[in-house]
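**Student:**
2 protein chains.
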Amino acid sequence: MKQIGIIGGLGPESTVQYYQSIIRRFQEKKGTRQVLPEIFINSINMYHIFRYITEWRLDDLITYVGNAARKLEHLEVDGMIIAANTPHLVFDEVQKQVNVPMISIVDATVEEAKNQGVEQIGLLGTKFTMERDFFKTPFEENGKRIDVPEEVTQQYLHEKIVNELENGIVNPETKKAFKQIVDEMIEQKQIDSLILGCTELPMIFSEEDFDIPLLDTMDIHVNKVVDFMFENEGIS
Amino acid sequence: MKQIGIIGGLGPESTVQYYQSIIRRFQEKKGTRQVLPEIFINSINMYHIFRYITEWRLDDLITYVGNAARKLEHLEVDGMIIAANTPHLVFDEVQKQVNVPMISIVDATVEEAKNQGVEQIGLLGTKFTMERDFFKTPFEENGKRIDVPEEVTQQYLHEKIVNELENGIVNPETKKAFKQIVDEMIEQKQIDSLILGCTELPMIFSEEDFDIPLLDTMDIHVNKVVDFMFENEGIS
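Chains as they are written, first to last, in the numbering used here: chain A, 70 to 305; chain B, 70 to 305.
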C-alpha cells in the first residue's frame, strides 16, 4: 500500500473532510471498516497563504508550501496532495522542490470533466481561483470553456468562503445567494456543469440543488488519491 | 509558539475531535479566529494497536507507537501526544524512545481530578483501560479511588466503543445502556465523578446526563497541550 501525505489546514474544515473521505473511500475499496490507512497530515496556516497571494508574494508562497512538502518527503511518503484548490496556484513550483509525486486537484478535475463529457463549465472558488489562470488554463488546453462570475460577485463569494465556510459556518442566507449566482450562470452563460473549486463549497451545495452535474473537486481529488494508494496492489 | 505532533488514527473520529478542539482552544487563547497553529498528525492504525494488546504483544505495541513517535521527532516538533487513552498502556516505554517531551492524558487527568477535589472516581473506557493498571495506578498513588464496572459490563462497553463509536455511530439504545451503567455506579459505589476514559465517549455523554462532574480526558488533554504550546510565550 502506498502511503500519502496531506498538506492541510487550508482550511482545517476541509482537511477534516479530506481525512474522513480518504478513510471512507479506502475502506470501501477494501470492503471492510476494520482497516485504516496510515496517513500524514502537515497542517499549516491558510492565513499565511492568503496573505502571500493577496500581496502577490509568490516566492514566499512557494517557500512556505514547499517547506511543508519537504517535511512530508522527509517522512518518506509515496505521494502527496495539497488539500485545497487555491494553493494549486503554485503547484508546479512546489512539485519541483520534492521528488515525491504530487497529485493535482486541477488535473484530476480536468480528467473527470473529460470523462463526463462536459464542455461549458462554471467555476466557483476563492477570488484567486476564479480570477487567475492556474485553474482555467488546463481546461482550456483540453478544449473546455470555463465561466466565472463578474468581479464584484467573485469578491462576495470569496469573503463568504473565507469568513463563514472556512470557519465551519453554513448560513442559509449565504446558501440562497450562492445558489442564485449559479442559477444566473446557467441561464446567462449556459454552463452545462459546475466546478466546486473550493474544498469548502460542498458544505453549501449538493447535487440536488441544480439540474446540471457538479464537479466536486475535493471528492474527485480524494478518489484519485485513494486510487493512487492502491496502485500496484491487489485489492484484497 | 511551540509546535506539537499528534499520534492519531486511534480512532480517526477522535483525531478529528482533537484537531478541531486544539485549533478552537488555540484561537480562544489568541482571542481571534484569524490564526491557526501548525500541527503534524501521524495517523496510524488502531486495529494494529487493538491486536497487539489483545494478543498481549507489548513489544510490538511499543515498536509500533514508538516508530510513529520517532517520525514526529524527526520533524522537530517541540512536544507530542498520543490522541487516545488505550495506547497510554505503553506511554512510559514510548517516551523513552524519543527525546521530545510527550504529554500524558493520564497525568493530565490526575491533575484535573486533584484540582476538582474528587475522590471516588468511576472510570469508563476500552476493556484494556478499565482492566489494566496503567490508568488506575497514578490516581491511587494520589490517594484517589477508581471504580470500574464488572467484567461482563466492561466487555459490553468495549464492544460498543469499538464497533459503534470508533466508526462514528451514536446509537440511542447504546447511550441508554451506557447511562444505566453509570447510574448504577453512582448508586452502588457512590462515585463522585466519572472519567470518560476513551476519547470517543464524549460523543455519547454530556454534562447534562449526570449530577456528578465528568472528567472528559480528551478535553483535559487538549487544554494541557494548548497550554504547552503557549509556554514561554506572551499571549498576544
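The beta carbon of each residue, even a glycine, is placed where N, CA and C say it ideally should be.
Here the structure is a predicted model, which means the values were calculated and not measured.
For a cutoff of 8 Å on Cβ pairs, would you count A:Ile273 as touching chain B?
**Tutor:** By one-based count along the first sequence, residue 273 of chain A stands at place 204. Answer no: the Cβ-Cβ gap between A:Ile273 and chain B never drops below 8 Å.
**Student:** Is any beta-carbon of chain A found at less than 8 Å from that of B:Met298?
**Tutor:** Residue numbering aside, residue 298 of chain B sits at position 229 when the second sequence is read from its first letter. By this cut-off, B:Met298 is not an interface position.
**Student:** Tell me the DSSP secondary structure of A:Asp129 in three-state form.
**Tutor:** Here residue 129 of chain A refers to the residue found at position 60 when the first sequence is read from its first residue. In the structure shown, A:Asp129 sits in a helix (DSSP, three-state: H, G or I).
**Student:** Of all Cβ atoms in chain B, is any one closer than 8 Å to the Cβ of A:Gln259?
**Tutor:** Here residue 259 of chain A refers to the residue found at position 190 of the first sequence. A:Gln259 does not count as touching chain B.
**Student:** Measuring CB atoms only, is the segment 167–178 of chain B touching the segment 216–227 of chain B, in the sense that at least three cross pairs come out at less than 8 Å?
**Tutor:** Result no; under three Cβ-Cβ pairs closer than 8 Å.
**Student:** Report the neighbours of A:Lys140 on chain B: residues whose CB is nearer than 7 Å to its CB, in chain order.
**Tutor:** The residue given as residue 140 of chain A occupies position 71 in the first sequence. In chain order: Leu144.
**Student:** Have a look at B:Asp280 and B:Pro207 and give me their C-alpha separation to the nearest angstrom.
**Tutor:** Against the second sequence, residue 280 of chain B aligns to sequence position 211. Against the second sequence, residue 207 of chain B aligns to sequence position 138. Using only the alpha carbons, I get a separation of about 25 Å.
**Student:** Rounded to a whole number of angstroms, what is the C-alpha to C-alpha distance between B:Ser83 and B:Asn114?
**Tutor:** The residue labelled residue 83 of chain B in the question sits at position 14 within the second sequence. The residue labelled residue 114 of chain B in the question sits at position 45 within the second sequence. Rounded to the nearest angstrom, the two C-alpha atoms are 13 Å apart.
**Student:** Under 8 Å between C-beta atoms, does A:Glu233 make it to chain B?
**Tutor:** For this step, residue 233 of chain A is matched to residue 164 along the first sequence. Not one chain B Cβ lies under 8 Å of A:Glu233.
**Student:** Going straight from the alpha carbon of B:Glu142 to that of A:Ile76, what length do you get?
**Tutor:** If you number the second sequence from 1, residue 142 of chain B lands on position 73. If you number the first sequence from 1, residue 76 of chain A lands on position 7. Approximately 18 Å, taken between the alpha carbons.
**Student:** Going by beta carbon distance, what residues of the same chain come within less than 8 Å of B:Val336, once the five residues before and after it are set aside?
**Tutor:** Past the boundaries of the shown model lies residue 336 of chain B; chain B is included only from 70 to 305, so the question cannot be answered.
**Student:** Quick one, are the C-beta atoms of A:Val169 and A:Leu127 less than 8 Å apart?
**Tutor:** For the purposes of this step, residue 169 of chain A is taken as the residue at position 100 of the first sequence. For the purposes of this step, residue 127 of chain A is taken as the residue at position 58 of the first sequence. No, Cβ-Cβ distance for A:Val169 and A:Leu127 is not below 8 Å.
**Student:** Among B:Lys244, B:Val291, B:Asp129, which residue has its Cα nearest to the Cα of B:Ala152?
**Tutor:** Taking the second sequence and counting its residues from 1, one reaches residue 152 of chain B at position 83. Considering only alpha carbons, the answer is B:Val291.
**Student:** Looking at C-alpha atoms only, which residue of A:Ile250, A:Phe119, A:Asp285, A:His117 is the closest neighbour of A:Gln86?
**Tutor:** As a first step, residue 86 of chain A is located in the first sequence; it is residue number 17 there, counting from the start. Comparing Cα positions, the closest option is A:Asp285.
**Student:** Which residues, in order along the segment 103–127 of chain B, keep a beta-carbon less than 9 Å from a beta-carbon of chain A?
**Tutor:** Residues Gln103, Val104, Leu105, Pro106, Glu107, Ile108, Phe109, Ile110, Asn111, Ser112, Ile113, Asn114, Met115, Tyr116, His117.
**Student:** Going by DSSP, what residue range makes up the beta strand (DSSP E) through B:Gln164?
**Tutor:** Reading the second sequence from its first residue, position 95 is the one you call residue 164 of chain B. Not the beta strand (DSSP E): B:Gln164 falls in the alpha helix (DSSP H), residues 160–164.
**Student:** Please decide whether A:Gln166 counts as near chain B, where near means a Cβ-Cβ distance under 8 Å.
**Tutor:** Locating residue 166 of chain A in the first sequence gives position 97, counting from the first residue. No, A:Gln166 does not count as interfacial toward chain B.
**Student:** Between B:Pro282 and B:Val187, which are expected to be in contact by the criterion C-beta below 8 Å, what is the C-beta distance as a whole number of angstroms?
**Tutor:** Residue 282 of chain B sits at position 213 when you count from the first residue of the second sequence. Residue 187 of chain B sits at position 118 when you count from the first residue of the second sequence. About 7 Å; that satisfies the 8 Å criterion.
**Student:** First and last residue of the alpha helix (DSSP H) that includes A:Ser83?
**Tutor:** The count along the first sequence starts at 1 and reaches residue 83 of chain A at position 14. Segment 81–99, the alpha helix (DSSP H) holding A:Ser83.
**Student:** Within 8 Å (strictly less), CB to CB, does A:Asn136 reach chain B?
**Tutor:** As a position in the first sequence, residue 136 of chain A is number 67, starting the count at 1. No, its Cβ sits nowhere closer than 8 Å to a Cβ of chain B.
**Student:** Between which two residues does the beta strand (DSSP E) harbouring B:Met149 extend?
**Tutor:** Here the question's residue 149 of chain B lines up with position 80 in the second sequence. Start and end: 148–151.
**Student:** Is the Cβ-Cβ distance between B:Leu144 and B:Phe109 less than 8 Å?
**Tutor:** Along the second sequence, read from residue 1 onward, the residue named residue 144 of chain B stands at position 75. Along the second sequence, read from residue 1 onward, the residue named residue 109 of chain B stands at position 40. Against a cut-off of 8 Å, the Cβ pair of B:Phe109 and B:Leu144 comes out as a contact.
**Student:** Pick from A:Tyr133, A:Ser112, A:Asn111: whose alpha carbon is nearest that of A:Tyr121?
**Tutor:** Along the first sequence, one-based indexing puts residue 121 of chain A at 52. Of the candidates A:Tyr133, A:Ser112, A:Asn111, the one whose C-alpha sits nearest the C-alpha of A:Tyr121 is A:Tyr133.
**Student:** Taking B:Lys98 and B:Phe274 to be in contact with their CB atoms under 8 Å, please state how far apart those CB atoms are, rounded to whole angstroms.
**Tutor:** Counting from 1 along the second sequence, the entry for residue 98 of chain B is found at position 29. Counting from 1 along the second sequence, the entry for residue 274 of chain B is found at position 205. 26 Å between Cβ atoms; not a contact.
**Student:** Report yes if the C-beta distance between A:Val251 and A:Gly191 is below 8 Å; otherwise report no.
**Tutor:** What you label residue 251 of chain A is simply residue 182 of the first sequence in a count that begins at 1. What you label residue 191 of chain A is simply residue 122 of the first sequence in a count that begins at 1. Cβ distance < 8 Å, so A:Val251 and A:Gly191 count as in contact.
**Student:** Short check: CB of B:Gln96 to CB of B:Gly135, under 8 Å?
**Tutor:** Working through the second sequence from its first residue, we reach residue 96 of chain B at position 27. Working through the second sequence from its first residue, we reach residue 135 of chain B at position 66. Result no, Cβ atoms of B:Gln96 and B:Gly135 do not sit closer than 8 Å.
**Student:** Does the distance from the C-beta atom of B:Asp216 to that of B:Lys248 stay below 8 Å?
**Tutor:** By 1-based counting over the second sequence, the position of residue 216 of chain B is 147. By 1-based counting over the second sequence, the position of residue 248 of chain B is 179. No, the Cβ-Cβ distance between B:Asp216 and B:Lys248 is not below 8 Å.
**Student:** I'd like the list of long-range same chain contacts for B:Leu270, defined as Cβ closer than 7 Å, with 5 residues on each side in sequence excluded.
**Tutor:** Counting from one through the second sequence, the residue named residue 270 of chain B turns up at place 201. Once the five neighbours on either side are set aside, the close Cβ partners of B:Leu270 are Leu193.
**Student:** With DSSP run on the structure shown, which of helix, strand or coil describes A:Ile215?
**Tutor:** As a position in the first sequence, residue 215 of chain A is number 146, starting the count at 1. In this structure, A:Ile215 counts as strand in the three-state DSSP scheme.
**Student:** Report all residues from its chain with a CB closer than 7 Å to the CB of B:Lys183; omit the five preceding and five following residues, and keep chain order.
**Tutor:** By one-based count along the second sequence, residue 183 of chain B stands at place 114. So the list reads Asn211, once near-sequence residues are dropped.
**Student:** Can you find the residues in the same chain that come closer than 6 Å, C-beta to C-beta, to B:Pro81, ignoring five residues on each side of it along the sequence?
**Tutor:** As a working mapping, residue 81 of chain B is identified with position 12 in the second sequence. No residues qualify anywhere along the chain.
**Student:** Considering only residues of the same chain and omitting the five flanking positions on each side of A:Val239, which have a CB-CB separation below 7 Å?
**Tutor:** Along the first sequence, read from residue 1 onward, the residue named residue 239 of chain A stands at position 170. Counting only Cβ-Cβ distances below 7 Å, and skipping sequence neighbours, we find Met272, Ile273.
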